[in-house]
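See structure below.
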Ligand code: GDP
Ligand code: MG
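In the numbering used here, the protein residues as written are 2 to 168.
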């Protein structure tokens, strides 16, 4: 069984950087070109059992929406990202959730991530705002940094754990 996981959220929030940090354990500064359909498979160990995750990167741009709709249908889990230094990326989370509820399976596992947690001095969204939004939609939440790696492995492991508990 391969569990399909996709990353969604506005362009620039750090989706590709988060994947690179998880996959390679490093941060490569600078924006990545739009990477639709880049997927890789990882084994995550949950309670001594191995869970195979296939992770797909998406681009947040409107022009790729038709591509991501196809991904939604097959997704078992969604990592939904905003950038803690960007109010608009946070405000758009509601629109992403509306789209997710429209196109994804009703039992899809969702996790909300406030990325770029290392940029505290430029923070625009308080942690408790993220927590409150997550509570409203009954989804787990954490702040991550693709730069320092904080909570990156934890986020993917938590998703794998949630998926396994439902399998
Ligand atoms: P995507 O469009 O969501 O895939 O975002 P990218 O991964 O291309 O990242 C957009 C920009 O934010 C790039 O300049 C990254 O180097 C930067 N970035 C991504 N994640 C982080 C992070 O956690 N901390 C910091 N400081 N910069 C980040
Ligand atoms: Mg990207």
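We put the CB at the ideal spot given by N, CA and C, even for glycine.
All figures in this text were calculated on a predicted structure; none of them were measured in a lab.
- If you look at residue 106, you'll find it isn't in any beta strand (DSSP E); DSSP assigns it neither H nor E.
- Taking the Cβ of residue 143 as the reference point, every heavy atom of ligand 1 lies at 8 Å or farther away.
- Remark: C-beta atoms of residue 86 and residue 125 approach each other more closely than 9 Å.
- Between the segment 25 to 32 and the segment 133 to 142 there are fewer than three C-beta pairs closer than 8 Å, too few to call the two in contact.
- Apart from the 5 residues on each side of it in sequence, residue 160 sits with its Cβ closer than 8 Å to the Cβ of 6, 54, 78, 80, 110, 112 in its chain, given in chain order.
- Excluding the 5 residues flanking it on each side, residue 163 has same chain C-beta neighbours closer than 6 Å at 110, in chain order.
- Set against 8 Å, the gap from the CB of residue 31 to the closest heavy atom of ligand 1 is smaller.
- Annotated as distal: residue 13 and residue 93, with beta-carbon spacing of 9 Å or more.
- Residue burial is scored here from C-beta neighbours: residue 26 has fewer than 16 other C-beta atoms within 10 angstroms and is therefore classed as exposed.
- Taking 8 Å as the cut-off, one finds at least one heavy atom of ligand 1 near enough to the beta carbon of residue 116.
- Relative to the Cα of residue 166, the nearest Cα in the group 70, 98, 50 belongs to 50.
- With contacts defined by Cβ atoms closer than 9 Å, residue 119 and residue 89 do not form a contacting pair.
- Cβ atoms of residue 153 and residue 19 come within 8 Å of each other, at about 6 Å.
- Taking a 10 Å sphere around the C-beta of residue 22, we find 16 or more other C-beta atoms and assign the residue as buried.
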